[in-house]
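Remarks on the structure that follows.
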Amino acid sequence: MARITKAERKKSIISASLKLFSERGFYITTIPDIAQKVGMSVGNFYNYFNSKDVLAKELVMYISQYLGDNIRDINERDISTDEKIYEIVSMYFNIADEKPEMIEYFLRVYLSNREVFSDGCEGMLCVSPFVTEMMMFFNDGVESGDLYDQDFFSAFGLFMGYLGGMVFLFGEKILPEPLENYKESISQNIYNALKSR
Amino acid sequence: MLLSQDKKPTLIWLQGVTCNGNTHSFLNLSYLELLLSKFELIYLPFMEVKYSFFDISKCSLSCDVLIFEGTFDPLMQRNGVLLKDILIHYANDAKHIIAVGSCASFGGMFKASAPDRNSGLLYDGDDFIGVLTKLYKKVINLSGCPIHPEWLGYTLSMIANNKNIKLDDLYRPVELYSNLSHHGCTRNEYFEWKVDAKNFGEKEGCLFYEQGCRAPMTHASCNKILWNEVSSKTRIGTPCFGCTEPDFPRENFFKTKTNMSIPQDIPLGVPKRSYLTMAGIAKTFHIKRLEGKLIDYKTTD
């Protein structure tokens, strides 16, 4: 049987802890819970992460890098700004559908437990890859003449707040339709709100 | 080295469409008299020397070093003679042609009055289509609005001492133009931590984010070779206008062009994605010392 590498083991901790944190909450979930789910001893867990707080920060960086890589791939495509918006919305909703723990963790743990992230994960420190790619998206959109030149955070809040809100409603099972069915209209709404006037 | 008086290189200073700014600047050179003593001065517009402009305009003399100040206008006449004819006459014989100022180098400020007609000696903006392109091997561009007196001082000293001057892609001396204007700016710490200048003319804060400073994208040694040996634009709170570059003058000198709060132009050679990552992280931290007036900060707290 092939030996599991340290990197693979680390990835399985990330995957298991994301699910547990987003389903049960950050404080209720314990390290023994995570170790048990991964199938390792609690002592061995500490070979990978020094504490639950350290793991929590690493998870944010993992998600930020994952989202950032996906948005970068879209940013570098030779497509129009409205097509990019659709691709970003689509990518985000697909993740919310297929790997809900990633978005859930971001919304329910990272944004709701700021005390955990106030030292070493504040500001842009843990979310830099994701925010940088959104900056690149907005910068390119204005430079190409497609988007209205305004304050970055006004535009960023409109885009990501909207998506976060929809995923929250989806998670609460309030949406009457599957998330997939909202991609087109939401992309159009975002574009209409941000396009040059 | 020049050994005797009669081997001094001869010098003529010609002017096209100009505000005389480079002349004024050059007159502030601390060793002006010593420098000029190394040349046989045929004609200078700002000093009484061997010949007058009337003599020069007859195109019967010659020179080793031709300095040209101002934008070249092909229709301009001086003393009833086309400037073009005067320029080409002296340029053909000269061993060195120095375009002083951004007008003579790229068209500069006075290109704006007739953008389709006026240009620099070698360049029209960054297009290599000027009137002296055939003589490009002899031309040295000293861009700047105006030039720093030391830049012409350096160039003439090198010529007087028969030293080779290494030039960059725009024919400017690399010794003077390989630095960015940003290098040596006293506001660099504010640039590193992304702290903006809150108001015009303050000693604290960086001028890059809001006030239009072009120093991180501008080749010039203004903060290395200080003006009047004491200061520079950015040190006293005026943004760098990028006056040594071919795209000078740009619009809105005092405002940084942004796209959704993101600077459109970023430091030379830095990928925008890398810059945004670094800037975002730096902005996360709040350095108390950099947030108030420097003189109010108490190190003993």
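These protein sequence lines are chains S and C, in that order. Using my numbering, read the first sequence as starting at 1 and increasing by one per residue. Using my numbering, read the second sequence as starting at 1001 and increasing by one per residue. Where a beta carbon is used, it is the ideal one built from N, C-alpha and C, also for glycine.
Cβ shell of residue i (< 7 angstroms), same chain only, five flanking positions each side left out
| i | result |
| --- | --- |
| L55 of chain S | S17 and F49 |
| P1216 of chain C | L1180, H1182, F1208, P1267 and L1268 |
| D33 of chain S | L20 |
| G1302 of chain C | For chain C, the structure presents residues 1001 to 1301; residue 1302 of chain C sits outside this window and is missing. |
| I31 of chain S | V42, F45 and K52 |
| I1147 of chain C | N1022, S1025, V1100 and G1101 |
| E122 of chain S | none |
Between the CA atoms of residue j and residue i - distance to the nearest angstrom
| i | j | result |
| --- | --- | --- |
| K1095 of chain C | T1244 of chain C | 24 angstroms |
| E1069 of chain C | F1026 of chain C | 11 angstroms |
| P1249 of chain C | F1241 of chain C | 8 angstroms |
| L1029 of chain C | S1261 of chain C | 42 angstroms |
| V42 of chain S | K6 of chain S | 16 angstroms |
| C1185 of chain C | A1197 of chain C | 14 angstroms |
| K1203 of chain C | W1227 of chain C | 17 angstroms |
| V1017 of chain C | K1111 of chain C | 9 angstroms |
| K101 of chain S | Y110 of chain S | Contrary to the premise, residue 101 of chain S reads as Glu rather than Lys in this sequence. Those two C-alpha atoms are separated by around 12 angstroms. |
| L1032 of chain C | L194 of chain S | 59 angstroms |
| M1278 of chain C | I1012 of chain C | 50 angstroms |
| Q1015 of chain C | Q1264 of chain C | 36 angstroms |
| L158 of chain S | R24 of chain S | 29 angstroms |
| A1091 of chain C | R1214 of chain C | 33 angstroms |
| D1055 of chain C | C1063 of chain C | 13 angstroms |
| G161 of chain S | S90 of chain S | 15 angstroms |
| I1042 of chain C | K1050 of chain C | 5 angstroms |
| I190 of chain S | G1280 of chain C | 24 angstroms |
| E1189 of chain C | K84 of chain S | 37 angstroms |
| I1287 of chain C | C1145 of chain C | 36 angstroms |
| N1164 of chain C | N1141 of chain C | 15 angstroms |
| E8 of chain S | S15 of chain S | 10 angstroms |
Counted within 10 angstroms of its Cβ, other Cβ atoms place residue i as buried (16 or more) or exposed
| i | result |
| --- | --- |
| L1294 of chain C | exposed |
| R1172 of chain C | buried |
| M134 of chain S | buried |
| M1109 of chain C | buried |
| F1328 of chain C | Residue 1328 of chain C lies beyond the stretch modelled for chain C, which goes from 1001 to 1301, so this question has no answer here. |
| G68 of chain S | buried |
| I1098 of chain C | buried |
| G165 of chain S | exposed |
| E183 of chain S | According to the sequence displayed, residue 183 of chain S carries Lys and not Glu. Buried: at least 16 other Cβ atoms inside 10 Å. |
| E87 of chain S | buried |
| S1232 of chain C | buried |
| I1159 of chain C | buried |
| Y27 of chain S | exposed |
| L1034 of chain C | exposed |
| F1046 of chain C | exposed |
| F130 of chain S | buried |
Sequence-distant residues of its chain with Cβ nearer than 6 angstroms to residue i (five each side left out)
| i | result |
| --- | --- |
| V127 of chain S | S64 |
| L163 of chain S | Y92 |
| K1283 of chain C | K1194 |
| K1058 of chain C | none |
| V167 of chain S | A96 and I103 |
| T29 of chain S | L20 and F21 |
| I1236 of chain C | none |
| S1221 of chain C | L1176 and N1179 |
Cutoff 8 angstroms; reference residue i; Cβ partners in own chain excluding five residues on either side
| i | result |
| --- | --- |
| L169 of chain S | L175 |
| R1117 of chain C | D1073, P1074 and L1075 |
| K1166 of chain C | P1173, V1174 and E1175 |
| R1289 of chain C | Y1297 |
| N192 of chain S | none |
Residues that DSSP places opposite residue i in a beta bridge
| i | result |
| --- | --- |
| V1100 of chain C | C:E1069 and C:L1142 |
| P1173 of chain C | C:L1167 |
| C1206 of chain C | C:D1196 |
| P1263 of chain C | C:T1258 |
| T1010 of chain C | C:E1040 |
| S1030 of chain C | Paired residues: none, contrary to the question. |
| S1231 of chain C | C:W1227 |
| M1047 of chain C | C:L1044 |
| K195 of chain S | S:L147 |
| R1078 of chain C | C:V1081 |
| Q1015 of chain C | C:E1069 |
| D1127 of chain C | C:D1124 |
| L1180 of chain C | C:H1219 |
Residue-chain proximity (residue i, chain B), Cβ-Cβ < 8 angstroms
| i | result |
| --- | --- |
| R197 of chain S | In summary, chain B is missing from the structure at hand, where the protein chains are S and C. |
Would you list, in chain order, the members of the stretch 115-130 of chain S that have their beta-carbon closer than 7 angstroms to a beta-carbon of chain C?
E122, G123, M124, L125 and S128
Within 7 angstroms of chain C by C-beta, residues of the stretch 129-154 of chain S in sequence order
V131, T132, M135, M136, F138, N139, V142, E143, D149, Q150, D151 and F152
Short of 8 angstroms Cβ to Cβ, which residues in the stretch 1252-1272 of chain C face chain S?
T1258, N1259, M1260, S1261, I1262, Q1264 and K1272
Proximal residues, the stretch 1272-1289 of chain C versus chain S, C-beta separation under 8 angstroms
K1272, R1273, L1276, T1277, G1280, I1281, K1283, T1284 and F1285
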